[in-house]
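Inspection log for the structure reproduced underneath, given as structure tokens.
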Amino acid sequence: AQSVTQLDSQVPVFEEAPVELRCNYSSSVSVYLFWYVQYPNQGLQLLLKYLSGSTLVKGINGFEAEFNKSQTSFHLRKPSVHISDTAEYFCAVKVGQGGSEKLVFGKGTKLTVNP
Amino acid sequence: NAGVMQNPRHLVRRRGQEARLRCSPVKGHSHVYWYRQLPEEGLKFMVYLQKENIIDESGMPKERFSAEFPKEGPSILRIQQVVRGDSAAYFCASSRGSAGYGYTFGSGTRLTVV
Numbered sequence: 169a170q171s172v173t174q175l176d177s178q179v180p181v182f183e184e185a186p187v188e189l190r191c192n193y194s195s196s197v198s199v200y201l202f203w204y205v206q207y208p209n210q211g212l213q214l215l216l217k218y219l220s221g222s223t224l225v226k227g228i229n230g231f232e233a234e235f236n237k238s239q240t241s242f243h244l245r246k247p248s249v250h251i252s253d254t255a256e257y258f259c260a261v262k263v264g265q266g267g268s269e270k271l272v273f274g275k276g277t278k279l280t281v282n283p
Numbered sequence: 326n327a328g329v330m331q332n333p334r335h336l337v338r339r340r341g342q343e344a345r346l347r348c349s350p351v352k353g354h355s356h357v358y359w360y361r362q363l364p365e366e367g368l369k370f371m372v373y374l375q376k377e378n379i380i381d382e383s384g385m386p387k388e389r390f391s392a393e394f395p396k397e398g399p400s401i402l403r404i405q406q407v408v409r410g411d412s413a414a415y416f417c418a419s420s421r422g423s424a425g426y427g428y429t430f431g432s433g434t435r436l437t438v439v
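As they're listed, the protein sequences go chains A and B.
Going by this note's numbering, the first residue of the first sequence is number 169, and it counts up by one from there.
Going by this note's numbering, the first residue of the second sequence is number 326, and it counts up by one from there.
Next comes the structure, spelled out in structure tokens:
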């Protein structure tokens, strides 16, 4: 079954530093990948998605991710983080086909941005 | 243009009571998904519904849990005879069509069983 693995459960960084949150997926013929962000006591918000085409995907809030088929990765990056980026980030992959599709999520990475 | 509306935001139930969680999808979305979130475990898929149909309930516990999405009204996740282990955040998401384009999530219902 398709799945995603988020390699880091917690990532602390200082404000204005770059950050990379790692996500690896299990291999499949066709891959749709997503990153979501969850702020405390809120639902999940879509940051970006890869469906096809360019392997570099730009999302909201200055985040981007690169789809790497050979390494089965979809790492999330931001060149300079803000305090307000402190949140939990989830990688997800679409599984299923033919009308029974759903998203399967990783366990999440808690990003803490310190002043 | 309201997003996914879930209510209540917080729900406290005593062991043995029933919990009913409601979800109104984005207007025009006919696909609804329920997920459960426990600390350190991420989001676990529970059930996928379309209007009046359960499409995939592979993540639903076999007993005490049920879900519906009637022709009119919100989707309901029902937990009968709640136990402490049911305490979690329950999220509903909706999509216009295929999940391949991503979901819109609600703010969740936080269930506490005392």
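For every residue, glycine included, the Cβ atom is placed at its ideal position computed from N, Cα and C.
Note that the structure is predicted; figures quoted are calculated from it, not measured.
- In this structure, residue 435(B) sits near residue 335(B), with a CB-CB distance shorter than 7 Å.
- For residue 410(B), the nearest beta carbon of chain A is not closer than 7 Å to its own beta carbon.
- Between residue 217(A) and residue 373(B), the C-beta spacing is not below 7 Å.
- Excluding five sequence positions before and after residue 230(A), the CB atoms of its chain that fall closer than 7 Å to its own CB belong to 246, given in chain order.
- Taken through DSSP and simplified to helix, strand or coil, residue 424(B) comes out as helix.
- Taking residue 353(B) as reference, the option from 422(B), 368(B), 413(B), 338(B) with the minimal CA-CA separation is 422(B).
- Distance from the Cα of residue 212(A) is smallest, within the candidate group 416(B), 382(B), 439(B), 420(B), for 416(B).
- Listed by position along chain B, the residues whose Cβ is nearer than 8 Å to that of residue 268(A) are 373, 380, 381.
- Using a CB distance cut-off of 7 Å, residue 231(A) does not count as an interface residue toward chain B.
- When C-alpha distances from residue 264(A) are compared across 232(A), 198(A), 278(A), the shortest belongs to 198(A).
- Taking 7 Å as the cut-off, the Cβ atoms of residue 224(A) and residue 189(A) do not count as close.
- Within the region 331–384 of chain B, the runs of beta strand (DSSP E) that reach at least 3 residues and sit entirely inside it are, in chain order, 335–338, 344–349, 356–363, 367–375, 378–381.
- Straight across, the Cα-Cα distance linking residue 345(B) with residue 433(B) is about 13 Å.
- If you draw a straight line from the Cα of residue 214(A) to the Cα of residue 239(A), it is about 24 Å long.
- By the C-beta density criterion, residue 404(B) is buried, having at least 16 other C-beta atoms within 10 angstroms.
- For the region 359–373 of chain B, residues whose beta-carbon sits nearer than 9 Å to a beta-carbon of chain A comprise 360, 362, 365, 366, 367, 368, 369, 370, 373.
- For residue 247(A), there is no enclosing beta strand (DSSP E), as DSSP marks it with neither H nor E.
- DSSP places residue 252(A) in the helix class (H, G or I) of the three-state scheme.
- Residues are counted here when their Cβ sits less than 7 Å from a Cβ of chain A; for the region 417–436 of chain B these are 423, 424, 425, 427, 428, 430, 431, 432, 433, given in chain order.
- Think of a sphere of 9 Å around the beta carbon of residue 258(A): the chain B residues whose beta carbon falls inside it are 367, 368, in chain order.
- Residue-level contact by beta carbon fails for residue 242(A) and chain B, as no gap is shorter than 7 Å.
- Looking only at 173(A), 209(A), 208(A), 201(A), the smallest Cα-Cα distance to residue 192(A) is reached by 173(A).
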